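Line by line, the protein sequences are chains A and B. So for the first sequence, my numbering puts the first residue at 215; every next one is plus one. So for the second sequence, my numbering puts the first residue at 4; every next one is plus one. Think of the CB as a built atom: it goes at the ideal place given N, C-alpha and C, for glycine as much as any other residue. Predicted, not measured: the structure shown is a model, and the values here were computed from it. Structure, as structure tokens:
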Amino acid sequence: MALYYADEAIVVTNPEVSSVRDSDRILGVLQSKSKRAEEGADPVKEHLLLTRYDLDRVERGEMLAIDDVLEILSVPLLGVIPEDQAVLRASNLGQPVVMDNESQPGQAYGDAVGRFLGEDLPHRFIKREKKGLFGRMFRRSA
Amino acid sequence: MKLMDLFRKQPASAPAARERLQILLAHERAGREGGADFLPQLQRELLQVVKKYVQIDDDKVQVQLDREGDVATLEVNVELPETLPEQKRSA
Chain A
215 MALYYADEAI
225 VVTNPEVSSV
235 RDSDRILGVL
245 QSKSKRAEEG
255 ADPVKEHLLL
265 TRYDLDRVER
275 GEMLAIDDVL
285 EILSVPLLGV
295 IPEDQAVLRA
305 SNLGQPVVMD
315 NESQPGQAYG
325 DAVGRFLGED
335 LPHRFIKREK
345 KGLFGRMFRR
355 SA
Chain B
4 MKLMDLFRKQ
14 PASAPAARER
24 LQILLAHERA
34 GREGGADFLP
44 QLQRELLQVV
54 KKYVQIDDDK
64 VQVQLDREGD
74 VATLEVNVEL
84 PETLPEQKRS
94 A
């Protein structure tokens, strides 16, 4: 089991029932089957990374909101990655989206890394800023 | 077109997702806890604590978790030997 020796764990979840359920399961494994759990040491430090977050759908009540997921899983939030076409594009090209500083997911991943390393950064792209597809497509920074 | 209209007028689905998850996870978490996960360790540690004060066999501490509706009951059964007072004096 790859997580056996883990000291810290970043659990990646989409705001979907199946994904949150899987995350809850893996959190259970971390809390009971990891080396730290077996030896009764300090527990594995858990972080939650919420990906594919679609603000439009959340506002329409069509997607679980950040608070819903946090309440259900009770894990500190490391970052929220907005749903964006840049992710698939980066995947297609074989270039990590975090290298794409122009894109929102790229910046959000950068923030998450910073937070993991101890920086105190506000969460971005989790509130409505500008409306309209055009504005979203051509916005270069938040 | 009719179908699309119907789709749009559907009530928000996020609350349903929330509710489904809460029921699902409550059930699964209960199943995890009810399983052999922590009970054996609890039993071992209870046994160690009791053994510090009383000489008993390893099988004299029984733990059992029962669930009925919303209530979970942890039953701990410690069977002490009949010669208890004597051992207390010597300890």
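Residues of chain A with a Cβ closer than 7 Å to the Cβ of Arg23 of chain B are, in chain order, Val231. Val231, Val234, Arg235, Asp238, Arg239, Gly242 and Ser246: these are the residues of the segment 231-265 of chain A whose beta carbon lies less than 8 Å from some beta carbon of chain B, given in chain order. Taking the C-beta atoms as reference points, Leu292 of chain A is found no nearer than 7 Å to Arg235 of chain A. Between Arg23 of chain B and Gly242 of chain A, the gap from beta carbon to beta carbon reaches 7 Å or more. Interface criterion not met: the Cβ of Met215 of chain A is under 7 Å from no Cβ in chain B. In the displayed model, Gly254 of chain A falls within coil according to three-state DSSP, outside both helix and strand.
When only Cα atoms are considered, Gln299 of chain A and Leu77 of chain B end up about 51 Å apart.
Separation of Tyr219 of chain A and Ala75 of chain B (C-alpha to C-alpha, rounded to the nearest whole angstrom) is 32 Å.
In the DSSP assignment, Pro336 of chain A falls outside any alpha helix (DSSP H), carrying neither H nor E. For Glu85 of chain B, there is no enclosing beta strand (DSSP E), since its DSSP letter is neither H nor E.
Along the segment 219-230 of chain A, going in chain order, the ones with a CB nearer than 9 Å to a CB of chain B are Pro229 and Glu230. Look at Arg47 of chain B: its C-beta is not under 7 Å from any C-beta on chain A.
For Asp268 of chain A, no chain B residue has a Cβ inside 9 Å of its Cβ, as the nearest lies near 11 Å away. Secondary structure at Leu244 of chain A: helix, using DSSP grouped into helix, strand and coil.
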